[in-house]
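*Asks:*
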Amino acid sequence: MDFSSVDRIIADLETCLETTREVSPTEELLVGVDLGTAYIVLVVMNSKREPVACAMEFAQVIKDGLVVDYIGAMTVVKRLKAQLEERLGRELEKAAIAVPPGTGESDCKTHGYVVEGAGMEVTNLLDEPTAANAVLGVENGVIVDIGGGTTGLSILENGKVVYVADEATGGTHLSLVLSGAYKVSFEEAEDIKKDNSRHKEIFASVRPVIQKMATIVKAHIEGRNISSVYLVGGTCCLTGMETVFEKELGIPVHKPANPFLVTPMGIALSSVVQGE
Numbered sequence: 098m099d100f101s102s103v104d105r106i107i108a109d110l111e112t113c114l115e116t117t118r119e120v121s122p123t124e125e126l127l128v129g130v131d132l133g134t135a136y137i138v139l140v141v142m143n144s145k146r147e148p149v150a151c152a153m154e155f156a157q158v159i160k161d162g163l164v165v166d167y168i169g170a171m172t173v174v175k176r177l178k179a180q181l182e183e184r185l186g187r188e189l190e191k192a193a194i195a196v197p198p199g200t201g202e203s204d205c206k207t208h209g210y211v212v213e214g215a216g217m218e219v220t221n222l223l224d225e226p227t228a229a230n231a232v233l234g235v236e237n238g239v240i241v242d243i244g245g246g247t248t249g250l251s252i253l254e255n256g257k258v259v260y261v262a263d264e265a266t267g268g269t270h271l272s273l274v275l276s277g278a279y280k281v282s283f284e285e286a287e288d289i290k291k292d293n294s295r296h297k298e299i300f301a302s303v304r305p306v307i308q309k310m311a312t313i314v315k316a317h318i319e320g321r322n323i324s325s326v327y328l329v330g331g332t333c334c335l336t337g338m339e340t341v342f343e344k345e346l347g348i349p350v351h352k353p354a355n356p357f358l359v360t361p362m363g364i365a366l367s368s369v370v371q372g373e
């Protein structure tokens, strides 16, 4: 696993939050919509699988991978879609989506209805850790995707997913702990959590939640011949998370420089090219 190449392409996507690469009126585009517990992210890539534009917005319309505010979710996706269309000078007609592993059929349909309601045809639906692997390219190991609401994982053997699982512990739980510890609102706790300069300060407070996340993973990989774990998802941006996981699991744990955008990019890469 060459994480340097992963870090380069993710850094490239980061720049696309502010800048836009030029695309032609007929160029085929790949679009991914990530409906997260804390953030909704839209990623657009060109036919060369290069990032061209990205937009995101904080929104609490999803809980534990389930849509709890359909109109709110659709409104945010529609707004982000309009922003990217204006930046690109192109209409975005199709998109892929992803859900936590084990999401029920009706909830998967609701995710699709959100994107369709925003004006895009859903071309692919997959689980989030599998989407992340479109970027990581893991052949053997476990991809753990920790978002705002859940800890999801996919076990891969010879590049194929052989097992998926998901449990309701994520970044929201870290923020709730910080809200109590610092006696601040949830929104203020979120800001504290996202402040890299305070990660060392808050680590002792949130370590028990991180240990619980690691325990979830440990229970699902028990008895399997797992040599490596790969962490992705916004919650994994917390500095030092991988050291707790490694101590709890007793096997090497790897994390990209920016784990937050791995899954949204993977969703876009898993999209059916527009026009096909």
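If you read the sequence shown in my numbering, its first letter stands for residue 98, the second for the next number, and so on.
Ideal Cβ placement from N, Cα and C applies to all residues, glycine included.
Tell me where the beta strand (DSSP E) around Asn221 begins and ends.
*Replies:* Locating residue 221 in the sequence shown gives position 124, counting from the first residue. Looking at the DSSP string, the run of the beta strand (DSSP E) that includes Asn221 is Glu218 to Asp224.
*Asks:* Taking buried to mean at least 16 other C-beta atoms within 10 Å of its own C-beta, is Ala193 buried or exposed?
*Replies:* For this step, residue 193 is matched to residue 96 along the sequence shown. With 16 or more other Cβ atoms within 10 Å, it is buried.
*Asks:* Can you tell me which of the three DSSP states Lys291 falls into?
*Replies:* Here residue 291 is taken as the residue at index 194 of the sequence shown, counted from 1. If DSSP states are grouped into helix, strand and coil, Lys291 belongs with the helices.
*Asks:* State the start and end residues of the unbroken alpha helix (DSSP H) segment that holds Lys175.
*Replies:* For the purposes of this step, residue 175 is taken as the residue at position 78 of the sequence shown. Tyr167 to Leu185 is the extent of the alpha helix (DSSP H) around Lys175.
*Asks:* So which of Phe342, Lys160 and Arg105 has the shortest CA-CA distance to Lys309?
*Replies:* Counting from 1 along the sequence shown, the entry for residue 309 is found at position 212. The option with the nearest alpha carbon to Lys309 is Phe342.
*Asks:* Express the C-alpha separation of Lys352 and Asp104 in angstroms, rounding to a whole number.
*Replies:* In the sequence shown, counting from the first residue as 1, residue 104 sits at position 7. In the sequence shown, counting from the first residue as 1, residue 352 sits at position 255. Rounded to the nearest angstrom, the two C-alpha atoms are 10 angstroms apart.
*Asks:* Use the C-beta contact count for Ala299: other C-beta atoms within 10 angstroms, 16 or more gives buried, fewer gives exposed.
*Replies:* On the sequence shown, residue 299 is found 202 positions in, with the first residue counted as 1. The sequence as given places Ile at residue 299; Ala does not occur at that position. Its Cβ being crowded by 16 or more others within 10 Å, Ile299 is buried.
*Asks:* Can you tell me whether Ala354 is buried or exposed, with buried defined as 16 or more other CB within 10 angstroms of its CB?
*Replies:* As a working mapping, residue 354 is identified with position 257 in the sequence shown. Exposed, by the Cβ-count rule.
*Asks:* State yes or no: is the C-beta of Val196 within less than 8 angstroms of the C-beta of Leu222?
*Replies:* Your numbering for residue 196 matches position 99 in the sequence shown. Your numbering for residue 222 matches position 125 in the sequence shown. Result yes, Cβ atoms of Val196 and Leu222 sit closer than 8 angstroms.
*Asks:* Please give the ranges of any alpha helix (DSSP H) in the region 230–267, keeping only runs that are unbroken, at least 4 residues long and fully inside the region.
*Replies:* Runs found: none.
*Asks:* Label Ala365 either buried or exposed according to how many other C-beta atoms from any shown protein chain fall within 10 Å of its C-beta, with 16 as the threshold for buried.
*Replies:* Position 268 of the sequence shown holds residue 365. Buried, because 16 or more other Cβ atoms sit within 10 Å of the Cβ of Ala365.
*Asks:* Out of curiosity, what's the CA-to-CA distance linking Pro356 and Ala311?
*Replies:* Against the sequence shown, residue 356 aligns to sequence position 259. Against the sequence shown, residue 311 aligns to sequence position 214. Roughly 17 angstroms between the two C-alpha positions.
*Asks:* Exposed or buried, Tyr279, counting other C-beta atoms within 10 Å across all chains shown (16 or more means buried)?
*Replies:* Numbered from 1 along the sequence shown, position 182 holds the residue referred to as residue 279. So Tyr279 counts as exposed.
*Asks:* Spell out a yes or no on whether the region 258–270 and the region 169–184 are touching, meaning 3 or more CB-CB pairs, one atom from each, closer than 8 angstroms.
*Replies:* No: fewer than three Cβ pairs fall under 8 angstroms.
*Asks:* So, with DSSP's three-state summary, where would you put Cys333?
*Replies:* Your numbering for residue 333 matches position 236 in the sequence shown. Correct three-state label for Cys333: helix.
*Asks:* What residue range does the alpha helix (DSSP H) around Lys344 cover?
*Replies:* Against the sequence shown, residue 344 aligns to sequence position 247. Taken as a continuous stretch (DSSP letters only), the alpha helix (DSSP H) holding Lys344 covers Met338 to Leu346.
*Asks:* If we ignore side chains and look at the alpha-carbon of each, how far apart do Gly214 and Met171 end up?
*Replies:* For this step, residue 214 is matched to residue 117 along the sequence shown. For this step, residue 171 is matched to residue 74 along the sequence shown. Straight-line Cα distance between these residues: approximately 6 angstroms.
*Asks:* Can you tell me whether DSSP reads Val140 as helix, strand or coil?
*Replies:* By one-based count along the sequence shown, residue 140 stands at place 43. It is a strand residue.
*Asks:* So, is Arg146 buried or exposed, given that buried needs 16 or more other C-beta atoms within 10 angstroms?
*Replies:* Against the sequence shown, residue 146 aligns to sequence position 49. It counts as exposed.
*Asks:* Would the C-beta of Ala170 count as close to the ligand COA, meaning under 7 angstroms from any of its heavy atoms?
*Replies:* Absence of the ligand COA from the depicted structure is noted, as is the absence of any ligand whatsoever, leaving it without description.
*Asks:* Within 8 angstroms, do at least three Cβ pairs link the region 107–114 to the region 329–348?
*Replies:* No, they do not touch.
*Asks:* Can you look up Pro353 in the DSSP assignment and give me helix, strand or coil?
*Replies:* To locate residue 353, count along the sequence shown from 1; it is residue 256. Pro353 falls in the coil class under three-state DSSP.
*Asks:* Hey, would you say Ile348 sits closer than 8 angstroms to Val326, going by beta carbons?
*Replies:* Walking along the sequence shown from the start, residue 348 turns up at place 251. Walking along the sequence shown from the start, residue 326 turns up at place 229. Yes, the pair counts as a contact, with Cβ atoms nearer than the cut-off.
*Asks:* Please identify the residue among Thr220, Ser251 and Ala150 whose C-alpha is closest to the C-alpha of Gly199.
*Replies:* Taking the first residue of the sequence shown as position 1, residue 199 is located at position 102. That would be Ser251, whose Cα lies nearest to the Cα of Gly199.
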